[in-house]
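Have a look at the structure below before the remarks.
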Amino acid sequence: MSAEDPPRSIPGARLMFSLDPAVSYLNHGSFGAVPVNVQRVQQRLRDEMEANPLRFYGTGLLDRVVHTRRHLAAFLGADPDGSALVPNTTAAVSLVLQSIRFAPAEEVLLTDHSYGAVAMAVRRQCRRTGATARTVAIPLGATDAEVVSRVRAALRPGRTRLLVVDQVASATASHFPVREIVAAAREHDIPVLVDAAHVPGMLPVDVGALGADFWVGNLHKWAWAPRGTALLSVAPAWRRRIDPLVVSWEHDEGYPLAVEFQGTIDYTPWLAAPAGVFTLRTLGWEAVRKHNTELAAYGQRVVGQALGLAPSDLPDPGGPGIAMRVVPLPAGIATTTPEAIALRQRISDKLAVETAVNAWGGRGLLRLSAQVYNRPEEYLHLAEHLPALLATLQR
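Read in this note's numbering, the sequence shown has 102 at position 82, and its numbers run on one by one without any break.
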């Protein structure tokens with residue numbers, strides 16, 4: 021497929037969402053977008069809750085949560101009895117970190133692709149316990165073999181207490197071979213936490229087959245669930261050791277109910293989440309994945325060409341089915357987080373295009389997502405106008 025031969029749009033798909041038609045929303049990866057029919061399912065649940073709050077919270081709520089959890093766990097190939105519904109991946113990471121008893125001589129190993137808030141949570145827990153946070157560098161575009169080799173070489177048996185690795189990294193859109201990484205860590209009995217925030221709905225996954233000690237993925241990104249819906253899967257050996265961040269009435273029941281029940285939080289995003297999975301399947305998951313993957317690659321290509329980049333300059337995500345791609349920005353642009361945020365806002369204000377911009381490895385990275393509501397001309401519009409906008413920053 022060439023830049024002159026863009027992928028076909030899915031007819032009528034944009035009408036499934038309530039996004040502003042005046043804005044090109046090329047940033048599904050950050051917060052997702054909830055289909056209108058799923059919004060309506062959640063609203064009906066909210067109406068039920070407000071019609072009789074006592075009945076909603078006091079009669080059958082736990083059964084409904086458990087039923088939802090089993091449905092979503094089955095979708096992801098996870099053990100429903102070892103899974104818990106949580107608000108998001110970030111919350112689950114803090115939960116896991118709190119549940120592991122780190123000693124001063126121990127360390128947590130991350131890659132330099134780790135999500136910023138995850139790295140912050142690791143550093144905070146290390147400060148509290150006297151442990152050390154250490155980062156292994158993985159080059160952008162590294163092969164699976166190179167990734168596994170670098171991670172294996174960075175492990176310190178007897179000292180590395182936990183390895184945290186992304187399945188699809190947020191800032192770089194890199195896909196990591198987590199099954200092989202888990203196997204390498206298992207050689208030294210080192211637990212692994214897989215941050216799979218972008219996996220549910222984007223990639224087919226069998227969580228149980230990965231063998232990770234902890235795995236967590238958001239369903240409110242690519243699986244079209246309402247925001248505040250994620251699933252944490254915990255290996256049997258760790259379930260009794262999970263220490264909830266919030267103590268509530270189901271605390272004595274242990275994991276997972278002790279994690280899921282938190283009093284009067286809003287449970288409607290979780291209860292409506294299966295409607296998102298149903299909608300995805302109804303539209304045809306394989307068709308959605310094909311469309312998104314091809315469109316993300318197309319967007320990367322046309323924007324990269326507009327910035328004067330050769331195909332070899334455009335990082336490959338390292339795996340099939342990735343619906344996000346990054347375009348390296350010119351040297352000196354968006355090299356810090358404040359600069360990246362400012363550029364993202366400038367693109368939004370001047371071009372009416374929503375993107376993600378991240379500072380990574382001393383270079384600004386423009387991340388483009390693709391979802392069924394996107395069209396090729398939106399990426400062409402960005403490609404046409406972005407060079408001039410960036411030129412104003414280089415003067």
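Think of the CB as a built atom: it goes at the ideal place given N, C-alpha and C, for glycine as much as any other residue.
- The three-state reading of DSSP puts MET140 in helix, counting H, G and I together.
- Exclusion of the five residues before and after ARG179 leaves ALA125, GLU126, GLU127 as the residues of its chain whose Cβ lies within less than 7 Å of its Cβ.
- Inter-segment contact for the segment 230-240 and the segment 205-220 is present: three or more beta-carbon pairs are separated by less than 8 Å.
- Between the segment 360-374 and the segment 26-45 there are three or more inter-stretch CB-CB distances shorter than 8 Å, so the stretches are counted as touching.
- The segment 156-170 and the segment 351-359 do not touch, with fewer than 3 CB-CB distances between them shorter than 8 Å.
- Beta-bridge annotation (DSSP): TRP235 is paired with VAL214, SER253.
- Taking C-beta separations shorter than 6 Å and ignoring five residues to either side along the sequence, the partners of TYR275 in its chain run ARG259, ILE262, following chain order.
- Taking a cut-off of 8 Å on C-beta distances, the segment 313-323 does not touch the segment 292-301, as fewer than three cross pairs fall below it.
- The C-alpha of ARG345 lies about 42 Å from the C-alpha of HIS271.
- Shown here, SER44 sits in a strand according to DSSP, grouped into three states.
- A Cβ-Cβ separation of about 6 Å places VAL392 in contact with HIS311 under the 8 Å criterion.
- PRO337 and GLY161 have their C-alpha atoms some 7 Å from each other.
- In the DSSP annotation of this structure, ARG179 is not part of any beta strand (DSSP E), being labelled neither H nor E.
- Taken in chain order, the whole alpha helix (DSSP H) runs of length 4 or more contained in the segment 327-382 are 357-371.
- If the five residues before and after THR299 are omitted, its C-beta is found closer than 7 Å to the C-beta atoms of PRO55, ASN57, VAL58, TRP244, all from its own chain and listed in chain order.
- Taking a cut-off of 8 Å on C-beta distances, the segment 145-152 touches the segment 114-123, as three or more cross pairs fall below it.
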